[in-house]
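A quick write-up on the structure given underneath.
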Amino acid sequence: MTDWQPTACILCSRNCGLQVQVADGHLTKIRGDKNHPVSAGYICQKAAQLDHYQNNADRLTQPLKRQEDGSYQPIDWQTAITEIAARLLDLKQTYGKECLAFYGGGGQGNHLGSMYSSTFRDALEIPYYYSALAQEKTGDFWANGKLFGRQNCHTTEDIEQTECVLFIGTNPWQAHGIRNARPTLKQIAQDDQRTMIVIDPRRTETAELADIHLQLRPGTDAFLLSAMLAILVQEGWEDQAFLQEHTIGYTEVRACLLTIPIADHIERAGVDADQVYEAVRRFATAKSANVRVDLGLQQSLNSTLNSYLEKLFFLLTGNLGKPGGNNFHTFFLPWVGHSDAEAKTLCQTKATGITEIAQLFPPNVLPAEIESDHPQRIRGLIVDSANPVVSGADTQAYQRAFPKLDLLVVVDVAMTETARYADYILSAASQFEKWEAAFFNLEFPTNAFHLRKPLFAPLADTLPESEIYRRLAVAIGAIPERYPVLEQVARWHGRWPQLGLYRVALVAAMALQPQLRRTVAFALQGSLGKTLPDDSIAPFWGVSQLYVQHHGEAVARTGLPGRGGRLAEALFQRILHGHSGAPISQHRYEETWALMGYKDQKVRLVISELIEELQTLSSHHAWPEYPLMLIAGERRMYNANTIYRNPQWRQNDAEGVLKIHPVDAKALALAEGSHAVCESPWGQLTVQVKLCDTLRPGVVSLPHGYGLDYPDANGTRTRYGPLLNLLTDAQHCDTISATPFHKNVPVRLRPIEMARAASLHESLP
Ligand SMILES: Nc1nc2c(c(=O)[nH]1)N[C@H]1C(S)=C(S)[C@@H](COP(=O)(O)OP(=O)(O)OC[C@H]3O[C@@H](n4cnc5c(=O)[nH]c(N)nc54)[C@H](O)[C@@H]3O)O[C@H]1N2
Ligand SMILES: Nc1nc2c(c(=O)[nH]1)N[C@H]1C(S)=C(S)[C@@H](COP(=O)(O)OP(=O)(O)OC[C@H]3O[C@@H](n4cnc5c(=O)[nH]c(N)nc54)[C@H](O)[C@@H]3O)O[C@H]1N2
Ligand code: SF4
Ligand SMILES: [Mo]
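Following our numbering, the numbering of the sequence shown begins with 337 at its first residue and continues without gaps.
Following this line, the structure appears as structure tokens:
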């Protein structure tokens, strides 16, 4: 009999628990894990294909170095690490640390390595941390900083319990992002007492289940949401008691909302006024309500303003901090930072002058920072777990900029479009070949964490990131090869954990050697790690200590014994042995306020920069020659970022079709299955057309995560589906956060014959 082994899905931020069977290096059977504390057996159709991630022709099996002629030759780890370290140090010495940047550090499921890459980054003092998060969520984080006092005061949604949910620019049926999406959505749809409202220019699978679907004109969210808030205020549906007790500045916000020309804004959004009133009424009068948003709001025009308006819904109606509402949650390991304008000088990019938000920099400006003639332009870059040549706005800009780097190091499991520009490609062990964890622990009131054991031995010449960055840190002289004293104490600690010896020794060592404080993840790995099943997991002992320091009572409520250090020890042991995932804290709803940044726990409702933007909103269309609005990056049944490379994983939609409304198709003489050139002001693509009456007329849609190339048996590469960031532009972005407006890309379509379509197909980089 074959055993089922616990692991998790690595394709989206839900990281559903899985049970799998393996044979000969393959994942042979996959099912949901009922023992997982959050997903409880749920999975979607994408997880069944995970063997395509583990085994594919692009898997990297050894480190590679680029040769003069552009080809790659294998290089041994020792030489690669020594050469990379020397070149990084040389760049830093010659041009200053400002010429160094880091991109990525963890995708949808692999965040364990980020504890090591971020420590390495700090050790080398790399100031610029670029992340995919800063092309979707930094506008939201910025607004959180203003409203709640810290940019990492992030809220979650209690959708399973709520009476009324408002989904704006998100399609959880396909994209998930909420717990066990499909049954949860169906339950709300079937219950007359509950309401689902969807704001989306497409009639999505989620919208099909909704009570009210506001099928707005894309990019008009700021108009629609401000009109809805104005109605709420006009009708007197605010929760005055809540506003009084928990907020500051309502009078000013109210005055601004009362100036909104409601009818005009609703008309610009192109929706039915009665339905809008009904949606506001239902949301405001429900016993509990919450708002769930995603890219349709965060990657569309006025995105930071949208993030503010969206939050005003749950704030004005008193739906923060209660069952069924929006609530702050804990992070087991905080992966969103706070860039505090008051506490320190904020770091800025040299050429584009962009200021960090949540300690992150936006991928949108990276090519310009590399190509600039600023003396401290970016010259050395490490990319880990990301494929910006495909996923960043303006693929051509990356293709132009990356060859201008003095040093590009890519750490990945696969030969990606980005890796093909690297000087060194470091072959990482896959997420099923090492201990791993995702840090998307965003639940409230019960939060959980899942540490996963490897299913397979690593491919021969691959290393986990923990070891790659440890070796690099040793090579730049930031850490010692061994920590003999702490290692000895860790062994005693293993025998007599109740004495807490290791904790005392570590604290003393950090007091004596301040540089150890900065590289503590490596110190844990090199000491406590020697006593554990794998050295990479040792930092979770420290994380458990910190988590208990901040949330001790909530940890104890999960049924763990002791207090302080002993409670933390118990939490760490639970994580270590809970192979299907482990609860880490159980909060009470009212405790959510303690997770807020402002000490007085009062929300600052006024964000003057955004109130100003709201007062000067305009719906001027800058590109009249491009009459259609493209949603550049729809989540569908068979896309999953750029994680699966072999196109055979897709059970349908191999072409990644462009969806178009039949009325628009007819006007352009485009038949089902025909080909067209899709042109934006910035680039063009050939696409295959599919007629689809779920779109609002005037809107077309292409999927995210296509356009990767993959080799055939002879090694010849073909690109599969639209590489849609050929159409997008870095400047088409939010003024505050520089996050791209991917959901509102102006385009036009030109019919084209099949034969010409093939010959026009973009050449591979
Ligand atoms: N299947 C699948 N699931 C995924 C992923 C994947 O690649 N494939 N990726 C994961 C990742 S990284 C993320 S960030 C999430 C994203 O998850 P979502 O944001 O939920 O997914 P999207 O389909 O990108 O966009 C959501 C919706 O926004 C709508 N929209 C477009 N323009 C506008 C607009 O102007 N206003 C409004 N209100 N709505 C608009 C689109 O029609 C779409 O239905 O999905 C995750 N889940
Ligand atoms: N036009 C447009 N562009 C978009 C979007 C859109 O909607 N429209 N969506 C955006 C969004 S929301 C996101 S999140 C980004 C996602 O795009 P990216 O930030 O590029 O991330 P992924 O596509 O998830 O790529 C993950 C990479 O990690 C590698 N990998 C997998 N496992 C491991 C591992 O264990 N170790 C290492 N070192 N590497 C590993 C994979 O091979 C892959 O190369 O795309 C963005 N781009
Ligand atoms: S893709 Fe997301 S929702 Fe689907 S199984 Fe994987 S983690 Fe769960
Ligand atoms: Mo994302």
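Where a beta carbon is used, it is the ideal one built from N, C-alpha and C, also for glycine.
Original post:
Terminal residues of the continuous alpha helix (DSSP H) containing SER727?
Top reply: Counting from 1 along the sequence shown, the entry for residue 727 is found at position 391. SER727: member of the alpha helix (DSSP H) spanning 724-727, first to last residue.
Original post:
Quick one: what's ASP748 bridged to in DSSP?
Top reply: Position 412 of the sequence shown, counting from 1, holds the residue named residue 748. Paired residue(s): SER763.
Original post:
Do the stretch 964-983 and the stretch 1043-1059 touch if we need at least three Cβ pairs shorter than 8 Å?
Top reply: Enough Cβ pairs lie closer than 8 Å, so yes.
Subject >> Neighbourhood of PRO963 by C-beta distance below 7 Å, restricted to the same chain and skipping five residues each side >> reply: Taking the first residue of the sequence shown as 1, we reach residue 963 at position 627. Cβ neighbours of PRO963 beyond the five flanking positions: ARG1084.
Original post:
Straight-line CA distance for TYR408 to ASP759?
Top reply: Counting from 1 along the sequence shown, the entry for residue 408 is found at position 72. Counting from 1 along the sequence shown, the entry for residue 759 is found at position 423. Their Cα atoms are separated by approximately 9 Å.
**OP:** Specify, as a first and last residue, the run of the beta strand (DSSP E) that ILE718 falls within.
**Re:** By 1-based counting over the sequence shown, the position of residue 718 is 382. For ILE718, the enclosing beta strand (DSSP E) has its first and last residue at 716-720.
Original post:
Nearest-angstrom Cα distance between ARG806 and ALA733?
Top reply: Counted from its first residue, the sequence shown places residue 806 at position 470. Counted from its first residue, the sequence shown places residue 733 at position 397. Their backbone Cα atoms lie some 32 Å apart in a straight line.
**OP:** State the Cα-Cα distance for the pair GLU1098 and LEU994, rounded to the nearest angstrom.
**Re:** The sequence position of residue 1098 within the sequence shown is 762, counting from 1. The sequence position of residue 994 within the sequence shown is 658, counting from 1. Confidence at GLU1098 is low in this model, with a pLDDT of 49, below 50, so the placement of that residue is unreliable and no value is reported for it.
**OP:** Throw me the rounded Cβ distance for the VAL569 and LEU593 pair, which I believe falls under 8 Å.
**Re:** The residue you call residue 569 lines up with position 233 of the sequence shown. The residue you call residue 593 lines up with position 257 of the sequence shown. Sure, about 5 Å apart at Cβ, within 8 Å.
Subject >> Three-state secondary structure (DSSP) of CYS345 >> reply: Against the sequence shown, residue 345 aligns to sequence position 9. In this structure, CYS345 counts as coil in the three-state DSSP scheme.
Original post:
By DSSP, does VAL356 sit in helix, in strand, or in coil?
Top reply: Counting from 1 along the sequence shown, the entry for residue 356 is found at position 20. For VAL356, the three-state secondary structure derived from DSSP is strand.
Subject >> Per-residue DSSP class, three states only, for GLY878 >> reply: The count along the sequence shown starts at 1 and reaches residue 878 at position 542. Look at GLY878 here: in three-state DSSP terms it is helix.
Original post:
Between which two residues does the alpha helix (DSSP H) harbouring CYS592 extend?
Top reply: Against the sequence shown, residue 592 aligns to sequence position 256. Annotation for CYS592: the continuous alpha helix (DSSP H) segment containing it runs 586-593.
Subject >> Integer Cβ distance of LEU1063 from LEU966, believed to fall under 8 Å >> reply: Taking the first residue of the sequence shown as position 1, residue 1063 is located at position 727. Taking the first residue of the sequence shown as position 1, residue 966 is located at position 630. Contact holds; Cβ gap of about 7 Å.
**OP:** For ASN446, verify whether its CB is less than 6 Å away from any heavy atom of ligand 2.
**Re:** Mapped onto the sequence shown, residue 446 falls at position 110. Relative to the non-hydrogen atoms of ligand 2, the Cβ of ASN446 comes within a distance shorter than 6 Å of at least one.
Original post:
Could you check where the alpha helix (DSSP H) with PRO830 kicks off and where it finishes?
Top reply: Taking the first residue of the sequence shown as 1, we reach residue 830 at position 494. The sequence given here has Gly at residue 830, not Pro. From DSSP, the alpha helix (DSSP H) with GLY830 extends over 820-831.
Original post:
Any idea what DSSP makes of ARG854, helix, strand or coil?
Top reply: Here residue 854 is taken as the residue at index 518 of the sequence shown, counted from 1. Helix at ARG854.
**OP:** Taking only the alpha-carbon atoms, compute the straight-line gap between GLN1102 and ASP405 and give it to the nearest angstrom.
**Re:** Outside the shown range of the chain (337 to 1101) lies residue 1102, about which nothing can therefore be said.
Subject >> Terminal residues of the beta strand (DSSP E) in which ASN663 lies >> reply: Here residue 663 corresponds to residue number 327 of the sequence shown, with the count starting at 1. That run of the beta strand (DSSP E) goes 662-664.
Original post:
Thinking just about the alpha-carbon of each residue, which of THR867, HIS923 and THR855 is nearest to the one in HIS886?
Top reply: Here residue 886 refers to the residue found at position 550 of the sequence shown. Closest in C-alpha terms to HIS886, from the list THR867, HIS923 and THR855, comes HIS923.
Original post:
So, is GLY900 buried or exposed, given that buried needs 16 or more other C-beta atoms within 10 angstroms?
Top reply: Residue mapping note: residue 900 aligns to position 564 of the sequence shown, counting from 1. That one is exposed.
Original post:
Would ALA615 pass as a contact of PHE785 if the rule is Cβ separation under 7 Å?
Top reply: Your numbering for residue 615 matches position 279 in the sequence shown. Your numbering for residue 785 matches position 449 in the sequence shown. The Cβ-Cβ distance between ALA615 and PHE785 does not fall below 7 Å.
**OP:** Could you check what DSSP says for GLY361 in three-state terms: helix, strand or coil?
**Re:** What you label residue 361 is simply residue 25 of the sequence shown in a count that begins at 1. Coil at GLY361, not helix or strand.
**OP:** Assign LYS770 to one of two classes, buried (16 or more other C-beta atoms within 10 Å of its C-beta) or exposed (fewer than that).
**Re:** As a position in the sequence shown, residue 770 is number 434, starting the count at 1. Counting of Cβ neighbours within 10 angstroms places LYS770 among the buried residues, the total reaching 16 or more.
Subject >> Member of ALA773, PRO410 and THR688 whose CA lies at the smallest distance from the CA of ILE346 >> reply: Counting from one through the sequence shown, the residue named residue 346 turns up at place 10. Nearest to ILE346 by C-alpha distance, out of ALA773, PRO410 and THR688, is ALA773.
**OP:** Flag this pair as touching only if the stretch 444-460 and the stretch 345-361 have three or more C-beta atom pairs under 8 Å; answer yes or no.
**Re:** A contact exists between the stretch 444-460 and the stretch 345-361.
**OP:** Tell me whether ILE366 counts as near ligand 1, meaning its Cβ is closer than 6 Å to at least one heavy atom of that ligand.
**Re:** Position 30 of the sequence shown, counting from 1, holds the residue named residue 366. No.
Original post:
Going by DSSP, which residues form a beta bridge with GLU926?
Top reply: Within the sequence shown, residue 926 is the residue found at index 590, counting from 1. Residue pairing of GLU926 in beta bridges, as defined by DSSP: absent, with no partner found.
Subject >> Length of the line joining the Cα atoms of LEU1100 and LEU354 >> reply: Position 764 of the sequence shown, counting from 1, holds the residue named residue 1100. Position 18 of the sequence shown, counting from 1, holds the residue named residue 354. Here the model assigns LEU1100 a pLDDT of 47, short of 50, so the residue's position is not dependable and the matter cannot be decided.
**OP:** Give the single residue among GLU461, ALA543, GLY481 and ASP1048 whose Cα lies nearest to the Cα of VAL501.
**Re:** Along the sequence shown, one-based indexing puts residue 501 at 165. Measuring from the Cα of VAL501, the nearest candidate turns out to be ALA543.
Original post:
Using 8 Å as the threshold, is the stretch 413-424 in touch with the stretch 643-652, meaning 3 or more CB pairs across them?
Top reply: At 8 Å Cβ cutoff, the stretches do not touch.
Subject >> Delimiting residues of the alpha helix (DSSP H) encompassing ASP989 >> reply: The residue you call residue 989 lines up with position 653 of the sequence shown. For ASP989, there is no enclosing alpha helix (DSSP H), as DSSP gives it neither H nor E.
Original post:
So does GLU970 have its beta carbon nearer than 6 Å to some heavy atom of ligand 4?
Top reply: Here residue 970 corresponds to residue number 634 of the sequence shown, with the count starting at 1. At a threshold of 6 Å, GLU970 does not count as near ligand 4, since its beta carbon sits no closer than that to any of the ligand's heavy atoms.
Original post:
ASP600 lies in the alpha helix (DSSP H); which residues open and close that run?
Top reply: On the sequence shown, residue 600 is found 264 positions in, with the first residue counted as 1. Element bounds for ASP600: 598-605.
**OP:** Could you tell me whether any non-hydrogen atom of ligand 2 is closer than 6 Å to the CB of ASN977?
**Re:** Here the question's residue 977 lines up with position 641 in the sequence shown. With a cut-off of 6 Å, the C-beta of ASN977 is classified as near ligand 2, since at least one heavy atom of the ligand falls inside that distance.
Subject >> Runs of beta strand (DSSP E) lying entirely within the stretch 936-984, each at least 3 residues, in chain order >> reply: Scanning the stretch 936-984 for uninterrupted beta strand (DSSP E) segments of 3 residues or longer gives 964-970, listed from N- to C-terminal end.
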